[in-house]
Structures are given as C-alpha cells and as structure tokens.
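*Asks:* Residue numbers (my numbering), protein chains in the order written: chain A, 1289 to 1516; chain B, 1289 to 1516.
All C-beta atoms, glycine included, are put in the ideal place defined by N, C-alpha and C.
Below you will find the structure I want to go over with you.
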C-alpha cells in the first residue's frame, strides 16, 4: 500500500513537473517582497512602441491584487529627451544613481555612451533579465554580452546586424529569442510586447501572462508561439 | 471609335471605383501639401499604450518617401505630466495654442477640464478624425458628440459606459467602431493600434496601411477584420 501511495505521489509529481516545464522554462524568481524593478534605458530618439509596449505589459501585471512590477527610466542625464516622433520625456534616473533593477529594457535609440554600455553590461550580470527591442539589440551586442549567443532584431536590420556582429548568431523571423540565461532580444517594434509577456510568464506562469494579454486586448500569439 | 474609347474609359473608371470602394470606405483626403497634423490629448495619468500605439503607427507611415503624419501633444498646460506607470512627459502645446490638427487621439487619462472637453468637441467639427482609445471614449462621450451614435471602449468598462451614456449605442467585442463621419472609438489598450492602421487605410489605402503594419511587425488582423 505504501508503494502504491509512493507511486501515486511520484506520478503526480512528474505530471506537475511536466506541466510546469511546458508552462515556464526557465522560471525566474520574483523578489520575496515588493514589486520587480524594471529600468527602461532611454536616450535621444528612443523608439516609442519599443519601450511603450513592454512598459504597458509590465505595469498591467497584477498578482494577488498587487502590481507586480515597478517602472522607471534611466539615461545619461536627467535632461529632457526627444523620443521618436517628437515627444518630450524627462528621465527618472541616470546610470550613476538608478536603483538596481531586476529587468532592463533597451529600445532602439540614439545613445551609445561608454557609461550606458558599461551599465548595460553590468546589469547582464546583476539582474534577472536584460531585454532588447528592435535595434536595441545593436546596443546590447556592442557590450559584447551577445558574443557566441543567438539574437534577433528588426527585420530591416538583419543583414546589417549580421555583418556588424559576426560573433552573434542572428535568428530571423521570430518575435523574440532567448539569447542566454539572462539575455533576451525581440524583433522590431511591436515584438517587444510579446517578449514582455514571455518575461511575465517566466516570472509568474502562463495564467498571469494570459490575464495580462487579455486585459491589454492583445491578439498577437507570438509570445506563446515563439517560446524556445 | 470615339464611343469605344469612351466605353473603355468608363469601364476602367468603374473598375477603379469598385476596387477603391472595397479598399477604403469612406476615404479621407490628406492635405494638398505637407504632413497630416495629429494631436494627442495628454493629461495626468494618460495610459501609455493608448497613445503610444497610434503614435508609432502614424509616425511610421511613409508615402512617396515622406513621413505622412506630424505628431504633437496637447494638454491643459505645458507643465510636465505623469503618464501611467510613472513616466514624465512634457506637453508640446496647450488647448489654447495648439496648431489645428486633422486627427485627434484621446487615450484613457485623468483630465476632464471644461477647456479640454470644449476643444475636443470643436475638433469633432473642424478635423477629419477624432479617435478615442480605451476609456478615452468616456471623455469623447462627455462632450455629447457620441449621442445617438455607436461606440466602444475597454471591455472591463462596457457596463459602466452603457450606464453612464445611455444615449450612446455601446458595441461590444470589436477592436474599434466607426462612430460617425469623423468619430472613431477603439476598444482597450492595444486596440488603438488597429484603429490607427484603419485611419491610415482611410487616408492612403490598404497597401500603405499594410506596409506600415509589416514595418511595425504587427500580427493583429483586427484593423482589417473589424472595418465597418
């Protein structure tokens, strides 16, 4: 009887493990207390939807009645920036005084200061997730952390990326690529929404990610389809 | 021979008209010169993706090698605003000094000043398009211009909208609704991307709108599916 109970237990355990493996791989662990800090790297000319898509996804995640993420912008200075299309944004922090984030989002943008690239490189060690969107992948690749890994970018920039970063394995035709344990790269523009939903799933599982997508009225299925 | 040529001409004309009717209905006419001015109404707490989605769509429309739209933000004052999730944005104009727009985008937001509502109401007469996104439909309905017309909003707010605006015919389950010759209302959050693509189609036809969607790597089909 004990053996039968043990067998039942094992079967249930394996089933749960299989279900979990299909659901979240690898699983990220949220902090024991408080929301997950997400830093958006913003410099001159940052592309609106590249940061606004993930921004909206992360801010709409509710777990046990609480907002699961806390968002802020980080730049070279606190001077106001002109975002793509002409919107004026004032950054919250600089690379010298930003609170340590668990997640970093790098949209397409003009900035490429040594301080910015060094900060991004450090976050690829310190944080849980560093994710680029669109040609933000160029900034991430410039730090060297993508060398030897797979990555993607906006479809109009595949050839340029491949030529400029021969040590990175360019992946075409996907919404996003899991580029390493902490590194993720999305395709162009709206692809960042899918990658952000994928990160939500890695932290909190499929149901919370689906709830977020439904709240967003998001119809794209790439965040489920293009999981590694 | 002249009659035959005339017949050929007529046939070609009718075919072109039929093709156009299937393509764009009703057709909006861009200004003879220069880009189409698009004003984004932004006040405290404006929801990021509600304005960022249409912002990205409009800024990415290229016609004959030129950007087809020019974007700016309008608010009660030029004082900096806190957008949903905490981003700081500085408006370009106030309701008193904004250049006259052809298109007005109204995202979900906190503002409801008499000046703002009067300006929106005026633009529903002066412009080509006044479009709300998400609960921005509440602001549009508050001006009275939706009375007797169909409209939609975020799915979580259907009942509240129907109760508060009994003179407006609430439509459920669509990405957007053509609410009248100049009035359009989108559902929640990402639905604004579909409505913006629809507006692009009304100005420039299906091919330009498709090119924009492809550039955006946008996978949603609602902008085609939910046309009236």
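Which partner residues of residue 1328/A appear in the DSSP bridge assignment?
*Replies:* 1361/A, 1393/A
*Asks:* Taking CB distances under 8 Å as the criterion, tell me whether residue 1317/B reaches chain A.
*Replies:* no
*Asks:* Roughly how many whole angstroms lie between the Cα atoms of residue 1313/B and residue 1367/B?
*Replies:* Any reading at residue 1313/B must be qualified, since the residue scores a pLDDT of 48, below 50, and its modelled position is unreliable; the value itself is stated next. For residue 1313/B and residue 1367/B, the distance between alpha carbons rounds to 40 Å.
*Asks:* For residue 1443/A, collect the residues of the same chain with a Cβ closer than 7 Å to its Cβ; drop the 5 residues on either side in sequence, then sort them by chain order.
*Replies:* Closer than 7 Å at Cβ, skipping near neighbours: 1475, 1476.
*Asks:* Would you say residue 1424/B and residue 1394/B are within 8 Å of each other, going by their C-beta atoms?
*Replies:* Cβ atoms of residue 1424/B and residue 1394/B: closer than 8 Å.
*Asks:* Excluding the five sequence neighbours on either side, which residues of its own chain have a C-beta within less than 6 Å of the C-beta of residue 1439/A, listed in chain order?
*Replies:* 1425, 1456, 1465, 1467, 1473
*Asks:* Any idea which residues DSSP pairs residue 1377/A with across the strands?
*Replies:* 1369/A, 1377/B
*Asks:* For the region 1442-1511 of chain B, which segments carrying the alpha helix (DSSP H) assignment without a break, of at least 4 residues, lie completely within its bounds, in sequence order?
*Replies:* 1446-1452, 1479-1492, 1494-1503
*Asks:* Secondary structure at residue 1413/A, three-state DSSP: helix, strand or coil?
*Replies:* helix
*Asks:* Locate the alpha helix (DSSP H) running through residue 1434/A, then write down its first and last residues.
*Replies:* Where residue 1434/A is concerned, there is no enclosing alpha helix (DSSP H), given that its DSSP letter is neither H nor E.
*Asks:* Contact criterion: CB-CB distance below 8 Å. Does residue 1421/B meet it with respect to chain A?
*Replies:* Not closer than 8 Å to any Cβ of chain A, the Cβ of residue 1421/B fails to qualify, so no.
*Asks:* Give a yes or no on whether 8 Å exceeds the smallest Cβ distance from residue 1347/A to chain B.
*Replies:* Chain B places a beta carbon closer than 8 Å to that of residue 1347/A, counting this residue as a contact.
*Asks:* Can you find at least 3 beta carbon pairs, one from the region 1330-1343 of chain B and one from the region 1332-1341 of chain A, that sit closer than 8 Å?
*Replies:* By the Cβ test, the region 1330-1343 of chain B is in contact with the region 1332-1341 of chain A, since at least three Cβ pairs between them sit closer than 8 Å.
*Asks:* Just to confirm the assignment, what range does the alpha helix (DSSP H) spanning residue 1334/A have?
*Replies:* Unbroken run through residue 1334/A: none, as it is neither H nor E.
*Asks:* Skipping 5 residues on each side, what residues in its chain have a beta carbon closer than 6 Å to that of residue 1396/A?
*Replies:* Excluding residues within five positions, the ones whose Cβ falls inside 6 Å are 1335, 1338, 1422, 1423, 1424.
*Asks:* Beta carbons nearer than 9 Å to chain B: which residues of the region 1440-1454 of chain A have them?
*Replies:* 1442, 1443, 1444
*Asks:* Which residues does DSSP list as the beta-bridge partners of residue 1420/A?
*Replies:* 1394/A, 1473/A
*Asks:* Rounded to whole angstroms, what's the CA-CA distance from residue 1398/B to residue 1362/B? Just pull it up for me.
*Replies:* 14 Å
*Asks:* What does residue 1355/B pair with, by DSSP beta-bridge criteria?
*Replies:* 1350/B
*Asks:* Which same chain residues, not among the five before or five after residue 1322/B, have their C-beta less than 8 Å away from its C-beta?
*Replies:* 1358
*Asks:* Give me the DSSP bridge partner(s) of residue 1382/B.
*Replies:* Partner(s): 1363/B.
*Asks:* My guess is that residue 1418/A and residue 1470/A are in contact by the Cβ rule of under 8 Å, so how many angstroms apart are they, rounded?
*Replies:* Residue 1418/A to residue 1470/A, Cβ: 6 Å. Contact.
*Asks:* Distance check for residue 1385/A and residue 1497/B, CA to CA, integer angstroms please.
*Replies:* Looking at the two C-alpha atoms, the distance is approximately 42 Å.
*Asks:* Taking 8 Å as the limit between beta carbons, can you name the residues of its chain near residue 1347/A, skipping five residues before and five after?
*Replies:* 1355, 1357, 1359
*Asks:* Mind checking who residue 1439/B pairs with in its DSSP beta bridge?
*Replies:* 1458/B
*Asks:* Any C-beta of chain C sitting closer than 8 Å to the C-beta of residue 1370/A?
*Replies:* Absence of chain C from the displayed structure is noted, the protein chains being A and B.
*Asks:* Quick one: is residue 1458/A near chain B, going by C-beta distance under 8 Å?
*Replies:* no
*Asks:* Can you find a C-beta in chain A that's less than 8 Å from the C-beta of residue 1337/B?
*Replies:* yes
*Asks:* Look up residue 1427/A in the DSSP assignment and say whether it is helix, strand or coil.
*Replies:* Here residue 1427/A sits in helix by DSSP.
*Asks:* So, does the CB of residue 1504/B fall closer than 8 Å to a CB anywhere in chain A?
*Replies:* By this cut-off, residue 1504/B is an interface position.
*Asks:* Just how far apart, CA to CA, sit residue 1409/B and residue 1433/B?
*Replies:* 7 Å
*Asks:* Give the secondary structure of residue 1345/B by DSSP, where H, G and I count as helix, E and B as strand, and everything else as coil.
*Replies:* helix
*Asks:* Take residue 1482/B and list the residues in its own chain whose beta-carbon comes closer than 8 Å to its own, dropping the five residues that flank it on each side.
*Replies:* 1463, 1464, 1474, 1508, 1510, 1511, 1514
*Asks:* Answer with buried or exposed for residue 1401/B, where buried requires no fewer than 16 other C-beta atoms within 10 angstroms of its C-beta.
*Replies:* exposed
*Asks:* Would residue 1360/A count as contacting chain B if we go by Cβ distances under 8 Å?
*Replies:* Chain B, which has a Cβ nearer than 8 Å to the Cβ of residue 1360/A, makes this yes.
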